[in-house]
Every structure is written in C-alpha cells, then in structure tokens.
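To start, the structure itself, in structure tokens.
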Amino acid sequence: MILLGACAAWSLITAAAHDGRPEGVLLAVLAVIAGYAAGRISGALLPVAAPGAGASAGLALAVVLPDLSPGPRYAAPLGHAGATAALLALATGAACCAAWAARGPGLRLGLRLLAAGIALTGAAMGSAAGCAASAAVLLCSLAAGSMPRRGVGIVGLALAAALVAGTIWAVAAGALPEALESRFAPHRVQLWQDALRLAHRYTGLGIGPGRFGELSDPAPQAVLPDGRPHSALLQQVAEQGLVGVLLLAAGFGWALYALWRTPRSTPIALTAGAALTALAAIASVGNALSFTTVTAGAGLLAGWATARPWAGDSTEL
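If you count the sequence shown from 1, position 277 lands on 1055 in our numbering, and the numbers rise without skipping.
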C-alpha cells in the first residue's frame, strides 16, 4: 500500500509541476488495489473457483469487447493488440493457477484445457502476441511443477523482464544494430525515440502525466494518434522522470517478492509470476497498462496467487 500510494503521490507531484493530467495513473493504481483486494478475498474463500471464473471472464472480455466497441481499434476498451494479448496472458495464468489448486485430476485437466483453449483463441483472433504469451505462460506453469524451490524461478522471471525492458531502451537509444531494430515497426521506434528525447530534456520530474501527445513530434502522432509512446517504461520516464521509472520497477519487484513469500504452492507462485512477467514484456512494447481491464486483472491474479485459502495449501519455498 505504501508503494502504490507513492506511485499515486508522485503522479500528482509531477502533474502539479507541469500542469499534467494524473487521472489515468490514479485510475490504474486504484484498479490494481481493487483487483488485489478482491483477489485476496475471493482467493481465500474460493481458491479454485475464483481464478477459474476469472480466466473465463478474461477470455470472454478479450473476445467480445473489441467487436462491441465503435471507433478505431486503438480506442477499443481493450486497446490495440497489446492489451488484448495481455488480457489473454493473465487469463491463462489464472486458469493454470486454478488447475494447480484443484484437488481432483479431472478438474485439473479441464482447467489446463481451458488454458490451452485461451492460447488457441488468441491465434483464432489473429493475436499472435496473445497466442505466444498464453503459450509461454502455460509452458512455464507446466515446468513449475518440477521445480522444488521457487527462488531460482522468481529470479529468472525478474531477469527476463529486465532483458525486455533493457532491449526496448537500447532500441530507443539507437544502441542496437539496425538488423535488430528493423524487427520493430518504424513508427513505434519513432515514438520510443521521441519519449527518450523528452526524458533527457526533463530528467527530474518529466513532462507531466498525460502530456506526451502534446510535446511529442507530430510525425509519430500521425501514425498512432492516441498520445502515448506505446511503451510503459518509456512513457513513465518521459512523463514522470527517473523516479517514476523506479516506482514502476519497484511495483513489479514487489509483486515478485510477494509471490516468493506467498503461502501458496510453488507452481501457483511461479505461474502467476510468469503471467505478470508476460504482462510486463507486453507493456514494454505497447500501451497495455493504459486500460483498466488489464491493470485490474493483474491485481486480481496477484491477489489469487498470494491469498491464504481457509482450507489450507502446501507451502514450498
């Protein structure tokens, strides 16, 4: 709560310094808090049914909501492909956590089939990122069953997220060979470079939350006219400075630490960690964290994986 409060307070400070709009950050923080609280309560009462129902709801939202929303795809409730992929990854993680918490082999198999179905649904929807992220979470969950201790897995997830974030930063700084940079869309690289340029100019407090669209170059805006650099890391450093980046990284680090210390079994902890790491990777190259459905879903999954069921569960640190 102290860390999330610091995130909210810093967004207000940077907004006051540069006449920014912190409403989006505050809404994301509230969504994480509400999701985490709901996950802890429902996970304690219904350790299998709650994440299982959440996985089904996440899949339904990913499939139904974009088609019901008018306007361009980037304005849909789940955003562009990145937000949909993030929701599918979180839904897969929830289904796998429910499978590990289930007692009967039949129920466990059914929940794993649900997780596999979510990955296939991503492919059917044309979301290659969603299919890949869901498949990665499912494979990590299956591999977690053979890990006697979770510490190595948690460290590996942290390194994977750091590698993705470092790669995106290097692309924005032009520190990678052109052959590697060409794998990203040129207009997205332009947005990242523009965000890093603003970050160098306003290192301390940033330009203020919600102001990237006002100060960025018009050329990148014309391609993706939603006022965001499509990278949570670079948006944070441009709008809230280095302190904002440290708070964002601390939030992810706290989630992994909570999973390391959770009383739930090691497979559940590592499965949730894999889903949150997939979300971090997707958010590094997109604007997934700008959508309440995704941030609330991340809080729910973290709450389910760290809840202490009344019926008890084995602990394997």
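Where is the CB? At the ideal position from N, CA and C, for every residue including glycine. These numbers were taken from a predicted model, which means no experiment stands behind them.
Rounded separation between S919 and Q1018 - CA only: Your numbering for residue 919 matches position 141 in the sequence shown. Your numbering for residue 1018 matches position 240 in the sequence shown. Taking the straight line from one Cα to the other gives about 35 Å.
As assigned by DSSP and simplified to three states, the class of S1062: Taking the first residue of the sequence shown as 1, we reach residue 1062 at position 284. Looking at S1062 - three-state DSSP - the assignment turns out to be helix.
Taking the continuous alpha helix (DSSP H) assigned at L804, which residues delimit it? Stepping through the sequence shown from its first residue, residue 804 is reached at position 26. First-last of the alpha helix (DSSP H) with L804: E801 to L823.
Out of curiosity, what's the CA-to-CA distance linking V967 and A973? Position 189 of the sequence shown holds residue 967. Position 195 of the sequence shown holds residue 973. Taking the CA atoms as reference points, V967 sits about 10 Å from A973.
Among E959, L808 and A835, nearest to A948 - alpha-carbon criterion: Along the sequence shown, read from residue 1 onward, the residue named residue 948 stands at position 170. Nearest C-alpha to A948: E959.
Helix or strand or just coil, what does DSSP make of A880? Stepping through the sequence shown from its first residue, residue 880 is reached at position 102. Looking at A880 - three-state DSSP - the assignment turns out to be coil, as it is neither helix nor strand.
Spatially closest choice to G832 from R927, W1088 and W1082, by CA coordinates: Along the sequence shown, one-based indexing puts residue 832 at 54. Closest option to G832, Cα to Cα, is W1082.
Sequence-distant residues of its chain with Cβ nearer than 8 Å to V841 (five each side left out): The residue labelled residue 841 in the question sits at position 63 within the sequence shown. Cβ within range, chain order: T899 and M903.
So which of W1032, T981 and Y1035 has the shortest CA-CA distance to Q1013? Counted from its first residue, the sequence shown places residue 1013 at position 235. Nearest C-alpha to Q1013: T981.
When the Cβ atoms of the region 859 to 879 are set against those of the region 793 to 808, are three or more pairs found closer than 8 Å? Counting Cβ pairs under 8 Å, fewer than three are found: no touch.
Nearest chain D C-beta to P825 closer than 9 Å, yes or no? Judged by its chain identifiers, the structure shown contains no chain D, having just a single protein chain.
What's the gap between the Cα of R928 and the Cα of L790? Counting from 1 along the sequence shown, the entry for residue 928 is found at position 150. Counting from 1 along the sequence shown, the entry for residue 790 is found at position 12. The alpha-carbon atoms of R928 and L790 are separated by roughly 37 Å.
Touch check for the region 799 to 810 and the region 1036 to 1044: three-plus C-beta pairs under 8 Å? no
Backbone secondary structure at V1072 - three-state DSSP: As a position in the sequence shown, residue 1072 is number 294, starting the count at 1. Correct three-state label for V1072: helix.
On the criterion of 16 or more Cβ atoms from any shown chain inside 10 Å, does E931 qualify as buried, or is it exposed? In the sequence shown, residue 931 corresponds to position 153, counting from 1. This sequence places Gly at residue 931; Glu is not what is there. G931 is buried by the Cβ-count criterion.
So what's V826 in DSSP terms, helix, strand or just coil? Residue numbering aside, residue 826 sits at position 48 when the sequence shown is read from its first letter. Taken through DSSP and simplified to helix, strand or coil, V826 comes out as coil.
From A893, L1026 and L887, residue whose alpha carbon lies closest to that of L835: Position 57 of the sequence shown, counting from 1, holds the residue named residue 835. According to the sequence shown, residue 835 is Ala rather than Leu. A835 has its Cα closest to that of A893, out of A893, L1026 and L887.
If you follow the alpha helix (DSSP H) that T792 is in, where does it begin and where does it stop? For the purposes of this step, residue 792 is taken as residue 14 along the sequence shown, with counting starting at 1. Per DSSP, the continuous alpha helix (DSSP H) segment holding T792 begins and ends at I780 to H796.
G830 beta carbon less than 9 Å from that of A876: One-based indexing of the sequence shown puts residue 876 at position 98. One-based indexing of the sequence shown puts residue 830 at position 52. Yes; because the gap between Cβ atoms is below 9 Å, this pair is in contact.
R1086 in three-state terms, based on DSSP: Reading the sequence shown from its first residue, position 308 is the one you call residue 1086. Of the three classes helix, strand and coil, the one that applies to R1086 here is coil, per DSSP.
Which word fits L937, buried or exposed, when buried means at least 16 other C-beta atoms lie within 10 angstroms of its C-beta? Indexing the sequence shown from 1 puts residue 937 at position 159. By the neighbour-count rule (16 or more Cβ atoms within 10 Å), L937 is not buried but exposed.
Cβ shell of V1001 (< 6 Å), same chain only, five flanking positions each side left out: Counting from 1 along the sequence shown, the entry for residue 1001 is found at position 223. Note that V1001 scores 49 on pLDDT, short of 50, meaning its location in the model is unreliable; the coordinates nonetheless yield the value given after this. Taken in chain order, the residues that qualify are H965.
Taking the straight line between their C-alpha atoms, what separation do you get for A997 and H1008? Taking the sequence shown and counting its residues from 1, the one referred to as residue 997 is at position 219. Taking the sequence shown and counting its residues from 1, the one referred to as residue 1008 is at position 230. Bear in mind that a pLDDT of 46 at A997, under 50, signals an unreliable position, so the model cannot answer this.
Could you have a look at R1039 and say whether DSSP puts it in helix, strand or coil? Locating residue 1039 in the sequence shown gives position 261, counting from the first residue. Of the three classes helix, strand and coil, the one that applies to R1039 here is helix, per DSSP.
Per-residue burial, A1059 [other beta carbons within 10 Å of its own, 16 or more giving buried]: Position 281 of the sequence shown, counting from 1, holds the residue named residue 1059. The residue in question, A1059, is buried, as its Cβ has 16 or more Cβ neighbours within 10 Å.
For L782 and V807, I'd like the C-alpha separation in whole angstroms. Start at 1 with the first residue of the sequence shown, and residue 782 comes out as number 4. Start at 1 with the first residue of the sequence shown, and residue 807 comes out as number 29. Here the alpha carbon of L782 sits roughly 7 Å from the alpha carbon of V807.
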